[in-house]
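In what follows, a structure is listed as structure tokens, so that the remarks can point back to it.
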Amino acid sequence: MESIWWYLMVWTLLYQSTWAVETQTRTGWEMERLGRELLESAREADLLEWIRGVRRRIHEYPELGFEEYRTSQLIRDELNSLGIRYEWPVAKTGVVATIGSGAQPIFALRADMDALPLQELVEWEHRSKIDGKMHACGHDSHAAMLLGAARLLQGKREILKGTVKLVFQPGEEGYAGAYHMLKHGALDNINAIFGLHVMPSILTGMIASRPGPMLAGAGLFLATVKGIGGHAAGPHQTRDPILAASLAIVALQQIVSRETDPLEARVVTVGFIKGGQAANVIPESVEFGGTYRSLTSQGLSYIQERIQEIIESQAAVHRCTAVVEFREEIPLPYPPTDNDEELYEHVKRVGEILLGEPNVQLVPITMGAEDFSFYSQKVPAVMFELGIKNETLKSDQPLHSPYFVIDETALPIGAALHAAVAISYLDSHAADSVLQVGTI
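In terms of my numbering, the sequence shown opens at residue 795 and continues consecutively.
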């Protein structure tokens, strides 16, 4: 009798689980209809103008990493107007908003907010009003698209089978803002995260990414070589830091050319050197610095170790001393960005529904870096690129260029993609949660 009761209980639980999955999971046709509805809504004149207006207001007042007070206030004002609750401050100026029940599964959407120390040279009505600062990497558009997604998701909050976290992150440009957002704890319970970055090398109307390794890890180094200065006519009475630094810079090139497997991608670049002010004076010291990159954490550790050894040794050979800093307090280096393969396939399918299969492209691995990689070390994460290239609008200038321009017709695509990815993720993983509950 007990065995029959046990059998009936197991059968009931499994039946209920199957029924729950069938009723909670949207069919492919329903997801296609929802995706198209989201994109059409994002392209409606009022919402498009609102997203564009938000982007332009942020663009006019760019702020550097962890100084995004005005931008953060704008975002909070818009969230308040939408009735969306949020946590602030997170990592000084960051905002984490919540839409949905608050229950699992929890899916995160991330947008960075900071600008660059760059003078804008584009002549247009909404150019930067702050001298020496510019949104030349598209973070203004990232924040605007995520706010657009917030409006779409808030309108669909009754159908969300879980929770969406909207992550407005400070300090991506060399400040490891993602690391500090995670350290705060506001994202402790997320199951996965999606990020989107505008890309001027990809045509408007397309998105692109790749599974697995996508971007390198990268760090910075700053070296100070100290010697004894003096008159150029008496070099024997000096210890020349320019000579020591020059040979150290040449020797650094051997890390890649003679110490790295030719099939493994690594980069060491010296980007600046400063020393001396007069042609007939040997200076007391020289500073130089640059970046180092690898697709593996082991590679980053090896390069960092060798940079320090080479610079200190070359300085010693020339009777100078050297101090090498790696900005580890930020922290640096950024880890490599590895896209979760299952999550990549999920976003790829959603993108094909919204834009058509030919408009979802595979990008090559590049040696650029992104602090989004800190999220990928904690949870399944994927980053996609959003095309903004339109030669008529001259939106084909590279990232970090003072002539950088965005094709704003891409903004509703980004907003709809964010929303569709989040809704469909919650659909599929809510079903998984039900199955786990019903399993004994």
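Each residue gets a CB set at the ideal place from its N, CA and C atoms; glycine is no exception.
State the Cα-Cα distance for the pair R1100 and Y1086, rounded to the nearest angstrom. The residue you call residue 1100 lines up with position 306 of the sequence shown. The residue you call residue 1086 lines up with position 292 of the sequence shown. Roughly 11 Å separates the two Cα atoms.
C-alpha distance - L981 paired with S1095, whole-angstrom precision: Along the sequence shown, one-based indexing puts residue 981 at 187. Along the sequence shown, one-based indexing puts residue 1095 at 301. Computed Cα separation, rounded: 28 Å.
Between the Cα of T1032 and the Cα atoms of S995, S1079, Q1102 and F988, which residue gives the shortest distance? Looking up residue 1032 in the sequence shown gives position 238. Ranking the options by Cα distance to T1032, first place goes to S1079.
Between which two residues does the beta strand (DSSP E) holding Q1155 run? The sequence position of residue 1155 within the sequence shown is 361, counting from 1. Here the beta strand (DSSP E) through Q1155 covers V1154 to L1156.
With respect to the alpha helix (DSSP H) encompassing D1236, which residues constitute its N-terminal and C-terminal limits? Since the first residue of the chain shown is 795 and the last is 1234, residue 1236 is not available in this structure.
Do L946 and A1210 have their CB atoms nearer than 8 Å? Position 152 of the sequence shown, counted from the first residue, corresponds to residue 946. Position 416 of the sequence shown, counted from the first residue, corresponds to residue 1210. It is a contact, given that the beta carbons lie within the stated cut-off.
Does the beta-carbon of R1052 have 16 or more other beta-carbons within 10 angstroms, so that it is buried, or is it exposed? Residue numbering aside, residue 1052 sits at position 258 when the sequence shown is read from its first letter. It counts as exposed.
Considering only DSSP beta bridges, list what L1180 is partnered with. Start at 1 with the first residue of the sequence shown, and residue 1180 comes out as number 386. Its beta-bridge partners are V992 and I1001.
Considering just the uninterrupted stretch of the beta strand (DSSP E) at A905, what are its terminal residues? Residue mapping note: residue 905 aligns to position 111 of the sequence shown, counting from 1. Per DSSP, A905 is one residue of the beta strand (DSSP E) stretching across I900 to D906.
Work out the CA separation of A905 and V1154 for me, nearest whole Å. Within the sequence shown, residue 1154 is the residue found at index 360, counting from 1. Within the sequence shown, residue 905 is the residue found at index 111, counting from 1. Computed Cα separation, rounded: 21 Å.
Segment contact flag, the segment 935 to 953 with the segment 1134 to 1141, C-beta cutoff 8 Å, min 3 pairs: no
DSSP on P1035, reduced to helix/strand/coil? Start at 1 with the first residue of the sequence shown, and residue 1035 comes out as number 241. If DSSP states are grouped into helix, strand and coil, P1035 belongs with the helices.
Suppose you measure from the CA of M939 to the CA of Q1047; what does that come to, to the nearest Å? To locate residue 939, count along the sequence shown from 1; it is residue 145. To locate residue 1047, count along the sequence shown from 1; it is residue 253. Using only the alpha carbons, I get a separation of about 41 Å.
How long is the line joining the alpha carbons of M993 and S1040, rounded to whole angstroms? Residue 993 sits at position 199 when you count from the first residue of the sequence shown. Residue 1040 sits at position 246 when you count from the first residue of the sequence shown. When rounded, the distance between both Cα atoms is 36 Å.
Assuming G989 contacts F1166 under a Cβ cut-off of 8 Å, what Cβ separation, rounded to an integer in Å, is found between them? Residue numbering aside, residue 989 sits at position 195 when the sequence shown is read from its first letter. Residue numbering aside, residue 1166 sits at position 372 when the sequence shown is read from its first letter. About 5 Å separates the two Cβ atoms, so the contact holds.
Tell me which residue opens and which closes the alpha helix (DSSP H) that L941 is part of. On the sequence shown, position 147 is the one that residue 941 refers to. Residues H933 to G949.
Taking the C-alpha atoms as reference points, what is the distance between G792 and E952? What the structure shows of the chain is the stretch from 795 to 1234, and residue 792 is not part of that stretch, so it cannot be assessed.
What did DSSP end up calling G956 once you bin it into helix, strand or coil? What you label residue 956 is simply residue 162 of the sequence shown in a count that begins at 1. G956: coil per DSSP, three-state reduction.
Taking only three categories from DSSP, how would you classify H1212? What you label residue 1212 is simply residue 418 of the sequence shown in a count that begins at 1. Here H1212 sits in helix by DSSP.
So I1076 packs on S1088, CB below 8 Å; how close in whole Å? Counting from one through the sequence shown, the residue named residue 1076 turns up at place 282. Counting from one through the sequence shown, the residue named residue 1088 turns up at place 294. About 36 Å; that fails the 8 Å criterion.
Distance between beta carbons of G1084 and T1115, contact taken as under 8 Å: On the sequence shown, residue 1115 is found 321 positions in, with the first residue counted as 1. On the sequence shown, residue 1084 is found 290 positions in, with the first residue counted as 1. 20 Å between Cβ atoms; not a contact.
Classify F1168: buried if its beta carbon has 16 or more other beta carbons within 10 angstroms, exposed otherwise. As a working note, residue 1168 is residue 374 in the sequence shown. F1168 should be labelled buried.
Beta bridge counterpart(s) of I987 as assigned by DSSP: On the sequence shown, position 193 is the one that residue 987 refers to. In the DSSP output, where bridge partners are listed per residue, I987 has A902 and A1175.
Looking at the structure shown, is W823 part of a helix, part of a strand, or coil, going by DSSP? By one-based count along the sequence shown, residue 823 stands at place 29. In this structure, W823 counts as helix in the three-state DSSP scheme.
C-beta atoms of F962 and Y1219 nearer than 8 Å: Reading the sequence shown from its first residue, position 168 is the one you call residue 962. Reading the sequence shown from its first residue, position 425 is the one you call residue 1219. Cβ distance not < 8 Å, so F962 and Y1219 don't count as in contact.
Terminal residues of the continuous alpha helix (DSSP H) containing F1168? Residue mapping note: residue 1168 aligns to position 374 of the sequence shown, counting from 1. Unbroken alpha helix (DSSP H) run through F1168: S1167 to S1170.
Cβ separation of R849 and S922, assumed to be a contact under 8 Å, to the nearest whole Å: Looking up residue 849 in the sequence shown gives position 55. Looking up residue 922 in the sequence shown gives position 128. That belief does not hold up - the Cβ atoms of R849 and S922 are roughly 13 Å apart, past 8 Å.
So for M1161, helix, strand or coil by DSSP? Along the sequence shown, one-based indexing puts residue 1161 at 367. Secondary structure at M1161: coil, using DSSP grouped into helix, strand and coil.
Within a Cβ cutoff of 6 Å, which residues of the same chain sit near E816, ignoring the five residues on either side of it in sequence? Here residue 816 refers to the residue found at position 22 when the sequence shown is read from its first residue. Bear in mind that the predicted position of E816 carries a pLDDT of just 40, short of 50, making it too unreliable to give a figure here.
Roughly how many whole angstroms lie between the Cα atoms of H974 and S1091? What you label residue 974 is simply residue 180 of the sequence shown in a count that begins at 1. What you label residue 1091 is simply residue 297 of the sequence shown in a count that begins at 1. Their backbone Cα atoms lie some 20 Å apart in a straight line.
R1052 lies in the alpha helix (DSSP H); which residues open and close that run? Numbered from its first residue, the sequence shown carries residue 1052 at position 258. Start and end: Q1048 to E1053.
Would D1132 and G1006 qualify as a contact pair, given that the criterion is a beta-carbon distance under 8 Å? Locating residue 1132 in the sequence shown gives position 338, where the first residue counts as 1. Locating residue 1006 in the sequence shown gives position 212, where the first residue counts as 1. Taking 8 Å as the Cβ cut-off, D1132 and G1006 qualify as a contacting pair.
Using the Cβ count rule (16 or more neighbours within 10 Å means buried), how would you classify Q1108? As a working mapping, residue 1108 is identified with position 314 in the sequence shown. With 16 or more Cβ atoms within 10 Å of its Cβ, Q1108 is classed as buried.
Helix, strand or coil for P974 per DSSP? Along the sequence shown, read from residue 1 onward, the residue named residue 974 stands at position 180. It should be pointed out that residue 974 corresponds to His in this sequence rather than to Pro. Three-state result, H974: helix.
Candidates L1193, T1018 and S1195, of which the one nearest F1120 by Cα: Counted from its first residue, the sequence shown places residue 1120 at position 326. Nearest of L1193, T1018 and S1195 to F1120, Cα basis: T1018.
CB G1069 to CB I1036, shorter than 8 Å? Along the sequence shown, read from residue 1 onward, the residue named residue 1069 stands at position 275. Along the sequence shown, read from residue 1 onward, the residue named residue 1036 stands at position 242. Going by C-beta atoms, G1069 is nearer than 8 Å to I1036.
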